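**Student:** Chains as they are written, first to last, in the working numbering: chain C, 1 to 131; chain Z, 1001 to 1209.
Beta carbons are placed, not taken as given, at the ideal position from N, Cα and C, and that holds for glycine.
Every value quoted in this text rests on a predicted model; they were computed, and no experiment measured them.
Please find one structure pasted underneath; my questions will follow.
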């Protein structure tokens, strides 16, 4: 059985970078797939990878990570508007998926969708998330 | 550090960089061919290799540095220290090394060293003056490791050149790599066979020089 845990951005908004990373990583270590509204900052993503490596053990093999950012393909004024909204409201746009490697075999991402292959499914059954 | 020490460090630090203390990092996911490319660069410009390569991922588990490499092209010179880094990954499973034929104790040791290698590679990002991101052109360029890595370099204002390696393989799709990162210089090479390295050096000069 696969458990998904939805985390609204408001739940991490007031936390420090370390607090955010610990919260998300602790959920992943419980073998749950995290669906975070919005995304971490780039430096926080790198810190998440570092923190994950510190936690690797025979029981916890790491994470699969994917971020969908709707602003990525925007240009000109729309991109500036998106950036301004992020400054005011935080990175609420898009979605971050963090799956424990014990459960999630692979996350395949193209700019508009995320395909999540679970370990049990061995790539035959797949869960799709479309934007 | 006091005000004057900071002032002099800034003044002479910049001068030293211009004189050739540039740190050029090779970054990317495991088994993309970073050390194979490092070996090509070192053989071409120093006459010696940098490190060992293997089909088993995470062969490079420690930061490796070759100092004072002098690259020359069209009357210009680029002097740099080449920093080969362990592949950045979000998961490391010692059982993958068992499947590759390693013994259990060797596989577990390799996994432990590999995790430390990833941490060190990320820590070293702040020290880089320019980075060559080496990607396997036969694999999906949209992997989050690639995007996080390039995003972090962009946030630090570090010049980036992207290399799509393994273009000798039929599955290689260099156009897909270029489409994934349209704002960067992307060069397709085969580090294994030394294919298109002239174009790589030329683009490196443009990016870093």
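Rounded to whole angstroms, what is the Cα-Cα separation between residue 1057 of chain Z and residue 1114 of chain Z?
**Tutor:** Spanning the two alpha carbons is a distance of roughly 9 Å.
**Student:** Between Z:1050, Z:1027, Z:1140, which lies nearest to residue 1038 of chain Z when the distance is taken from Cα to Cα?
**Tutor:** Out of Z:1050, Z:1027, Z:1140, Z:1050 has the C-alpha closest to the C-alpha of residue 1038 of chain Z.
**Student:** Considering just the uninterrupted stretch of the alpha helix (DSSP H) at residue 1120 of chain Z, what are its terminal residues?
**Tutor:** Its alpha helix (DSSP H) spans residues 1104-1124.
**Student:** For residue 61 of chain C, which residues in the same chain have their Cβ closer than 7 Å to its Cβ, ignoring the five residues on either side in sequence?
**Tutor:** So the qualifying residues of the chain are 101, 102.
**Student:** For chain C, is any of its Cβ atoms less than 8 Å away from the one on residue 1140 of chain Z?
**Tutor:** At least one chain C Cβ lies under 8 Å of residue 1140 of chain Z.
**Student:** Hey, residue 1177 of chain Z and residue 1137 of chain Z: beta-carbon distance below 8 Å or not?
**Tutor:** Cβ atoms of residue 1177 of chain Z and residue 1137 of chain Z: closer than 8 Å.
**Student:** With C-beta atoms as the reference, is residue 1063 of chain Z less than 8 Å away from residue 50 of chain C?
**Tutor:** No; because the gap between Cβ atoms is not below 8 Å, this pair is not in contact.
**Student:** Whole angstroms are fine: how far does the CA of residue 1160 of chain Z sit from the CA of residue 104 of chain C?
**Tutor:** Computed Cα separation, rounded: 31 Å.
**Student:** For residue 110 of chain C, which three-state DSSP category applies?
**Tutor:** Residue 110 of chain C: strand per DSSP, three-state reduction.
**Student:** Helix, strand or coil for residue 1065 of chain Z? Go by DSSP, reduced to three states.
**Tutor:** Of the three classes helix, strand and coil, the one that applies to residue 1065 of chain Z here is strand, per DSSP.
**Student:** Between which residues of its own chain and residue 1121 of chain Z is the CB-CB distance below 6 Å, once the five residues before and five after are set aside?
**Tutor:** The residues are 1085, 1086, 1088.
**Student:** When the cut-off is 8 Å and only beta carbons count, does residue 1100 of chain Z lie next to chain C?
**Tutor:** Not an interface residue.
**Student:** From residue 1076 of chain Z to residue 1116 of chain Z, what does the alpha carbon distance come to, in whole angstroms?
**Tutor:** Residue 1076 of chain Z and residue 1116 of chain Z: Cα-Cα distance of roughly 38 Å.
**Student:** Which word fits residue 951 of chain Z, buried or exposed, when buried means at least 16 other C-beta atoms lie within 10 angstroms of its C-beta?
**Tutor:** Missing from the structure shown is residue 951 of chain Z; chain Z here goes from 1001 to 1209 and no further.
**Student:** Kindly indicate which three-state DSSP category residue 1198 of chain Z falls into: helix, strand or coil?
**Tutor:** Residue state, collapsed to three classes: helix.
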